[in-house]
Each structure stands twice: as C-alpha cells, then as structure tokens.
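*Asks:* Shown below is the structure under consideration.
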Amino acid sequence: MLPSSVREIFEKESESKKYEIMADILRVLSLTFGKLWLFEIVNEINAFRRTIGISESVNYEECLCATRELADKGLITYEEKIRGTFTSPKGVPDILVELRNRALALILISVDAKLRKYVEIRRKVFGNLM
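So this is what it looks like as structure tokens:
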C-alpha cells in the first residue's frame, strides 16, 4: 500500500507540473535502485517520458525544486556533493538523491501505470538481455 504522501503526489500529478515531476523522480529512483545524482535524474526523467510517449521535458531547476519538496515530505534525502566526471579532474558540484525507503520502489512498480508501461516497453526492446 502506498503511503498517503506518495498517493497524494500521484493523485495530483495531472493537475500540476510540480507534482508530475515529483512523481517522475520517484519513478526513476524506483527503476535505478533508489539513488541517483540530480543531473542523472533529469536525463532519466526525459528518457522515461520519451519512452512512454510524453514529449515534454524537464530541466535541472524544476527537478531541484521537486527534490526539495520530496525531501520536505520525508520521501527522499539529498546531499550536495562532488560528482566525478571524465571531463573535470576535480569533479562537479551536484546533488545525490536517495529514496528513504527502497521498498517504495517495489510498491510503485506494482501500482503505477506509467512505470508498468515503461517496464513493458523496456522488456520488449531488450528482451532477455536484462
């Protein structure tokens, strides 16, 4: 069963871009073992959306605002850190985002239609390679 704060986000996602992005952050964290850099979250949301037929993309600032909201609701944690890259020997500042309860990932995959659609498309494309 979904926690009430998560249920509220998914119920409001069609009414508000903020809630839509919050829901998508929870979705991509659910698909990636619960932890990603914010930079990666932006890319993963955009790829997730394209895969399921949604053309609207998100940017870093929108995801940062949504991340703060999710943290205020106690669903994720985030920490400013230095992310290693191949292009910068000193790394780059970014934000590491993590689901507080990774069991939420299993619940979301079982109840969320967008996640199920994505997983089904991925299964058809990659088949037994995964």
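Under my numbering, the first residue of the sequence shown is numbered 104, with each subsequent residue one higher. Even glycine gets a Cβ: it sits at the ideal position worked out from N, Cα and C.
1) Taking C-alpha atoms, which residue in Ser117, Phe113, Lys121, Lys220 lies nearest to Asn162?
2) So, using beta-carbon positions, are Met125 and Ile112 closer together than 8 Å?
3) Which same chain residues, not among the five before or five after Lys184, have their C-beta less than 6 Å away from its C-beta?
4) When the Cβ atoms of the region 174–190 are set against those of the region 146–164, are three or more pairs found closer than 8 Å?
5) In chain order, what residues of the same chain lie with their CB nearer than 7 Å to the CB of Lys217, ignoring the 5 residues before and after it?
*Replies:* Looking at the coordinates:
1) Distances from the CA of Asn162 to each of Ser117, Phe113, Lys121, Lys220 were compared; the closest alpha carbon is that of Lys121.
2) Yes, the Cβ-Cβ distance between Met125 and Ile112 is below 8 Å.
3) Closer than 6 Å at the Cβ level, and outside the excluded window around Lys184, lie Leu199.
4) Fewer than three pairs of CB atoms, one per stretch, sit closer than 8 Å, so the region 174–190 makes no contact with the region 146–164.
5) A distance below 7 Å between beta-carbons, with the five flanking residues on each side excluded, links Lys217 to the following residues of its chain, in chain order: Arg130, Ile155.
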